Every structure is written in structure tokens, then in C-alpha cells.
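Residue 67 in our numbering is what sits at position 67 of the sequence shown, and the numbering runs on without skipping anything.
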Amino acid sequence: MPTINQRKLDKATELLRAIAHPLRISMIKYLDEKGVTNVNKIYSSLQLEQSITSQHLKILRTTDLVNTKKEGKFIFYNVNYDNIVNINQSLANFYPQTKKTKVKELVE
Numbered sequence: 001m002p003t004i005n006q007r008k009l010d011k012a013t014e015l016l017r018a019i020a021h022p023l024r025i026s027m028i029k030y031l032d033e034k035g036v037t038n039v040n041k042i043y044s045s046l047q048l049e050q051s052i053t054s055q056h057l058k059i060l061r062t063t064d065l066v067n068t069k070k071e072g073k074f075i076f077y078n079v080n081y082d083n084i085v086n087i088n089q090s091l092a093n094f095y096p097q098t099k100k101t102k103v104k105e106l107v108e
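Right, here's the structure in full:
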């Protein structure tokens, strides 16, 4: 009988929780459409408060769902496609009927 690696299970749970939130899905979709974007454009385009946007981006950063690049006082974000693909492939292993999809299909 296989044993459960609690550390890996906890990380997977954290990732799925991060990607499952509707606001974070909207942010990932936005970044997928716009590419590299700073926080100001994200919150103004999605009509969110800056503090709420920053809180959700922090979760996306800590779970490596987005990449960041700092230029001066600005932080730019873009989708970490490698991690999104890994999540999709992991889910496909548990649910074989899940087909490999594009990022837009995964987050819609």
C-alpha cells in the first residue's frame, strides 16, 4: 500500500486552494490575456481595491502561480505557465478523463 507524503499533500492543497478562488482566477485570466503587468493595471482593470489585489497576488506569488519582476518601485506579474501545466497534469493523473487543456480553458 502506498504511503501518503503529508508535505506534498499539504503543498497540493495549498495550490488548489489558491487557484480555486474566483478573484484569483480572474487575475490569472487577466495576466494570461495581458502578459506582464504591474499591480496598478491589475487592480484598476479588474476594478478592485489595491489592498485586496495585493493580498491575492501575494497568495499567487507564494504558491508560484505567478512570476514577479521588480523594476524600481514597481512589481510586474505574469502567469507561471509551468506551474499551471503541472497542476493540470497532476489532476489528469487523478482524473484520467481530464484532457490536457490550454490555460484559458483551465481557469474558465
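All residues carry an ideal CB built from backbone N, CA and C; glycine is no exception.
Note that the structure is a prediction, hence the values are computed from the model and not measured.
Enumerate in chain order the residues of its own chain whose CB-to-CB distance from residue i is below 6 Å, with the five nearest sequence positions on each side excluded.
i, result
"Ile42", "Thr53"
"Ile59", "Ala18"
Judging by CA-CA distance, which residue of the options is the nearest neighbour of residue i?
i, options, result
"Gln47", "Leu65, Asp64 and Ser26", "Ser26"
"Phe76", "Asn83, Asp82, Val85 and Val66", "Val66"
"Arg61", "Ile28, Lys8 and Ile4", "Ile28"
Got a sec? Which residues, its chain only, sit under 8 Å from residue i by beta carbon, not counting five neighbours each side?
i, result
"Tyr30", "Thr37, Ile42, Ser45 and Leu46"
Measure the alpha-carbon distance for residue i versus residue j and round it to whole angstroms.
i, j, result
"Lys69", "Gln50", "18 Å"
"Ala12", "Val85", "14 Å"
"Asp82", "Ser90", "12 Å"
"Val39", "Gly72", "13 Å"
Could you tell me the boundaries of the alpha helix (DSSP H) in which residue i lies?
i, result
"Val39", "Val39 to Ser45"
"Thr53", "Gln50 to Thr62"
"Lys8", "Gln6 to Ala20"
For residue i, collect the residues of the same chain with a Cβ closer than 7 Å to its Cβ; drop the 5 residues on either side in sequence, then sort them by chain order.
i, result
"Thr63", "Glu14, Leu15 and Ala18"
"Leu23", "His56"
"Gly35", "Asn78"
Can you find a C-beta in chain D that's less than 8 Å from the C-beta of residue i?
i, result
"Thr3", "This model lacks chain D altogether; it includes just one protein chain."
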